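Listed in order, the protein sequences are those of chains A and B.
Count along the first sequence from 1, add 96, and you get the number used in the numbering used here.
Count along the second sequence from 1, add 1160, and you get the number used in the numbering used here.
Glycine residues also receive a C-beta, built at the ideal position from the N, C-alpha and C atoms.
Just so you know, these numbers come straight off a predicted model, no measurement behind them.
Inspection log for the structure reproduced underneath, given as structure tokens.
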Amino acid sequence: MMRKPFAITLDPGSSLANHTGNWRTERPVYLDRLPPCNHACPAGENIQAWLFHAESGNYEAAWRQLVEDNPLPAVMGRVCYHPCETACNRGQLDSAVGINSVERFLGDQAIRNGWKLAPSAPATGKHVLVVGAGPSGLSAAYHLVRLGHRVTIHEAGPYAGGMMRFGIPKYRLPREVLDAEVQRILDLGVELKLNTRVDKILDSMHAGNFDATFLAVGAHIAKRAFIPAGASAKILDAVQVLRSMEGEGKPMLGRRVVVYGGGNTAIDVARTAKRLGASEAIIVYRRTREKMPAHDFEVEEALQEGVMIKWLSTIKQAGESTLTVEKMRLDESGFPQPTGEFETLEADSLVLALGQDVDLSLLEGVAGLAVADGVVQVGANMMTGYAGIFAGGDMVPAERTVTVAVGHGKKAARYIDAWLRGTDYAPLPKHELAGFDKLNPWYYADAPHTVQPVLDMVRRQSTFDEVQGGLDETNALFEARRCLSCGNCFECDNCYGVCPDNAVIKHGPGNRFSINYDYCKGCGLCAAECPCGAIRMDAEEN
Amino acid sequence: MSYQPIKFYQTGTFTVGNRLLEPEDRSVQANMRRTNSLNSGHRACQGCGEALGARYAIDAAMSATDNQLIAVNATGCLEVFSTPYPETSWQIPWIHSLFGNTAAVATGIAAALKIKAIKGGNDRVRVIAQGGDGGTTDIGFGCLSGMFERNDDVLYICYDNEGYMNTGVQRSSATPPAARTATTMAVGEQPGNVFGQGKNLPLIAMAHGIPYVATATVADLHDLEAKVTRAMQIHGARYIHIFVPCPLGWGSASNDTIRLARLAKETGLFPVFEAEHGEVTAVSKIRRPLPVDDYLKLQRRFAHLFGARPRTDVIARIQAQADRNIRKYQLLQEAPQ
């Protein structure tokens, strides 16, 4: 036996023999939660994941992550109404992350640098017909071709883009941006047939020997309202006006233009009229600004450009150069009621922007198809009542935005793929939501929102140049780094640092962490001090 | 500020690490090869601030001295929970002293190392003495004052949890006014600990004119590590006072330890600063000013101040202490120009 000092009988041992994990009543669980931005995105983008790459300046990786879900980032970064930013937890801290502006920056970087989309999966031999080259059709085509299917798009119009081209003015979406993103999808091998109107869908399917169809014809028929009008009154509809902006003959609207309606299309027409030289562009809307369906920032931009809005008014009669307008008031339930007070408005033309209907004539004779409220009914898998015919975008019941349409295209593509393979597509279960209460906001650096440059007023009123400028590389990086990474570990090492028991194991860059339950006493410090809410405390079973 | 904060990197230097920072700008604790001076399996309570503070400080000192370090440990929680015979959690050369003579033992080791160096041995080994507030402000105060006065080459670290915790939460001279302990019950007209000076050891250390004195909390790791690193660059007597919340003694939730340390600093109750040769050279500014209530309410030792008949008068006196600190150390940020 080794000689030991006086009164010492045991060799020194390590406290590692003492498994303090058995003290625990709660256990930390390292997990991923669903960031509110991802949760809110109608296109199903993994925003937090692409911002993660952008934060380290790896814009190409960020873009590649983005286009996993959405093939049109440069378009989306301009026209999306960014519900992600409304949901953003940072909004409760200072102001929401400018997700949309970073998306646009990534989209523009991709166009500038000519980044190509990844090649597709092995060919399946299946052939899918997509009707309509709008956002929904293009999105579906993109996802289908990447899943290995052959895709042909039949587009009735002379250009691809659908409402992105014929509904959204150039000052919001420059056409070279749209063209570049469409071309990139076509480069994957998607066949696009322009000026190819589908009159009878079943005939087209049989003629082309297609295995499945995705319908995305949009909603292009303007709704009318009955307005008694003199023979010489000039009444147009918004769809017609915005569409003719794409052709040679620009619409003749005159000096005083009145637009009837309260949606984004009404705003687009009024701002377009201003740019075409109208001295007055007046929107007549029957309710109040709070009730207006148009997005607030667009209303604001229109007002800045000198568009006038007459609230609580309806048009009763249209004459050669005057309109009769009746004042309205809101009743208790918020509906406008006539007051019997009339006034006269001078107008060279009246543009109706009262919403759009879907042209469903191509579906005549298709058995089992359900139509309600003028739109085609689809199941949770985006399939219509006729097996093999799927539909999405403005022609199905949903909010009518580009982003929703792109989301439909992706979703439909996955179900079409499963249907063609004879399997079931089961979306992964969603993680629990990472609400603001899950975060520890102390750790985030103070950083106010970056403001995008805006075109000067004179050019906004007279040209179709883009109004919103983009971010440059420095402020895009700054903006990306404002992301709180809600619910998803970004390797800040806090858990590894704050554990008094050295019971969090760090696996190194990119490999995240795990908990050593042999020693974890369940104090909960790691969960409390995790900035982004990626650790949850669960009660122990016994 | 003891270190240059880095802004706009998502969490900047607020978090332990940050993948967007250069490795040298991250903390020692973020390093996969940190010493882990105080290893797993120790018997400290759940959420122990002292266990955390000790690992933070000693790991930083090990990193700053290239692992040439001996630690002397006073009797107290830290010693009791880390070394029940025959186990130890320490992964560094470590010696246990009596409750009161830690500074003297450290002085002796420093002297011995000096002789060894003169005789041609390793001249790089440094000495740290560490203890709780009881062993520092009460029992070991005489030895510590002597160590300061002789300017012995020792860094003394006090882990301040404001009482004698492992013996059953008795009052020490670092216990704050109005706090309930086993020996200052929450009864009578002036419940809890008396309002008085206590012993403000950082100021007493500064009065000795020693080269370096600093305070820190477990809530600001970058600051704490920078101060330990700075201290190890200096020879002579140095003192660091680290604020370490105690869930057991304070009656706080085990997951609130860091939050409480943060609140102590943000309310102004615990000023975080550093001083050289008796003069304050830097203070950590308050980032989000808060009333002391936010700090007090989380602790059952102050529960008698709240409830059905709140003692707003006592809370006001505590707030006045915080306000005095804020004034004295100029803890508020200057208003933006």
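Residues of chain B with CB closer than 7 Å to the CB of residue i, please, in chain order.
| i | result |
| --- | --- |
| Lys602(A) | Met1192 |
Could you tell me whether the Cβ of residue i comes closer than 9 Å to any Cβ of chain A?
| i | result |
| --- | --- |
| Cys1406(B) | no |
| His1395(B) | no |
| Thr1427(B) | no |
| Ser1162(B) | no |
| Glu1239(B) | no |
| Arg1460(B) | no |
| Leu1491(B) | no |
| Cys1318(B) | no |
| Gln1497(B) | At Gln1497(B), the pLDDT of 46 sits below 50, so the modelled position is not reliable; the number obtained from the coordinates is stated separately. Judged by the 9 Å Cβ criterion, Gln1497(B) is not in contact with chain A. |
| Asp1298(B) | no |
Starting from residue i, find everything on chain A with Cβ-Cβ shorter than 8 Å and list it in chain order.
| i | result |
| --- | --- |
| Tyr1455(B) | Correct list: empty, because the minimum Cβ distance to chain A is about 14 Å. |
| Thr1375(B) | Per Cβ cutoff of 8 Å: no residues; Thr1375(B) is ~20 Å from chain A at best. |
| Ala1211(B) | Pro596 and Asp597 |
Name the chain B residues that come within less than 9 Å of residue i, Cβ to Cβ?
| i | result |
| --- | --- |
| Cys588(A) | Gln1170, Thr1171, Phe1174, Thr1175, Val1176, Gly1177, Asn1178, Arg1179 and Ala1190 |
To the nearest angstrom, report how far apart residue i and residue j are at their CA atoms.
| i | j | result |
| --- | --- | --- |
| Asp1226(B) | Cys133(A) | 46 Å |
| Ala217(A) | Asp490(A) | 29 Å |
| Asp1293(B) | Val1347(B) | 25 Å |
| Arg351(A) | Gly140(A) | 44 Å |
| Leu130(A) | Glu164(A) | 18 Å |
| Tyr155(A) | Ser1444(B) | 36 Å |
| Arg1487(B) | Arg1331(B) | 28 Å |
| Lys370(A) | Pro434(A) | 30 Å |
| Arg1477(B) | Ala1277(B) | 53 Å |
| Ala1365(B) | Leu1456(B) | 28 Å |
| Gln1497(B) | Ser558(A) | Only weak support is given to the placement of Gln1497(B): the predicted model assigns it a pLDDT of 46, under 50, and the question is left unresolved by the model. |
| Gly153(A) | Gln161(A) | 14 Å |
| Ala624(A) | Trp538(A) | 11 Å |
| Cys1237(B) | Gln1493(B) | 36 Å |
| Ser191(A) | Glu181(A) | 9 Å |
| Glu569(A) | His149(A) | 14 Å |
| Asn1196(B) | Leu112(A) | 12 Å |
| Ile378(A) | Asn166(A) | 36 Å |
| Tyr521(A) | Ala256(A) | 29 Å |
| Gln1490(B) | Thr1441(B) | 12 Å |
| Val1452(B) | Ala599(A) | 33 Å |
Taking 9 Å as the CB-CB limit, is residue i close to chain B?
| i | result |
| --- | --- |
| Tyr155(A) | no |
| Val365(A) | no |
| His115(A) | yes |
| Pro169(A) | no |
| Lys617(A) | yes |
| Pro596(A) | yes |
| Cys579(A) | yes |
| Pro627(A) | yes |
| Leu112(A) | yes |
Please list, in chain order, all residues of the same chain as residue i whose beta carbon is under 6 Å from its beta carbon, the five residues on each side excluded.
| i | result |
| --- | --- |
| Ser328(A) | Glu416 |
| Glu439(A) | Val421 |
| Gln413(A) | Pro324 and Thr420 |
Kindly identify the DSSP beta-bridge partner or partners of residue i.
| i | result |
| --- | --- |
| Phe1433(B) | Val1443(B) |
| Ala374(A) | Its beta-bridge partners do not exist; DSSP assigns none. |
| His1401(B) | Cys1318(B) and Thr1375(B) |
| Thr440(A) | Thr420(A) |
| Trp407(A) | DSSP, once it has assigned bridges, lists no residue as partnering Trp407(A). |
| His1256(B) | Asn1233(B) |
Report whether the distance from the Cβ of residue i to the nearest heavy atom of the ligand FMN is below 8 Å.
| i | result |
| --- | --- |
| Glu625(A) | In terms of ligand content, the structure shown is empty, and the ligand FMN therefore cannot be addressed. |
Residue i touches chain B at which residues, Cβ-Cβ below 8 Å?
| i | result |
| --- | --- |
| Tyr592(A) | Val1176, Gly1177, Gln1189 and Ala1190 |
| Leu106(A) | Tyr1245 and Pro1246 |
| Trp146(A) | Within chain B, no residue comes near Trp146(A); the closest Cβ sits about 15 Å away, beyond 8 Å. |
| Ser152(A) | Arg1179 and Leu1180 |
Going along the chain, which residues of its own chain have a beta-carbon closer than 7 Å to the beta-carbon of residue i, five neighbours each way excluded?
| i | result |
| --- | --- |
| Leu1180(B) | Tyr1169 and Gln1170 |
| Gly1207(B) | Pro1407, Ser1414, Asn1415 and Thr1417 |
| Gln1189(B) | Val1176, Tyr1216, Asp1219 and Leu1381 |
| Ser581(A) | Gln144, Phe148 and Cys628 |
Using a Cβ-Cβ cutoff of less than 8 Å, which residues in the same chain neighbour residue i once the five nearest sequence positions on both sides are dropped?
| i | result |
| --- | --- |
| Ser1200(B) | Ser1249 |
| Tyr651(A) | Here chain A comprises residues numbered 97 to 638, so residue 651(A) is not present and cannot be evaluated. |
If the cut is a Cβ gap below 9 Å, which residues of chain A does residue i touch?
| i | result |
| --- | --- |
| Arg1422(B) | Trp538 |
Counting only Cβ pairs nearer than 7 Å, list the residues of chain A close to residue i.
| i | result |
| --- | --- |
| Arg1419(B) | Ala624 |
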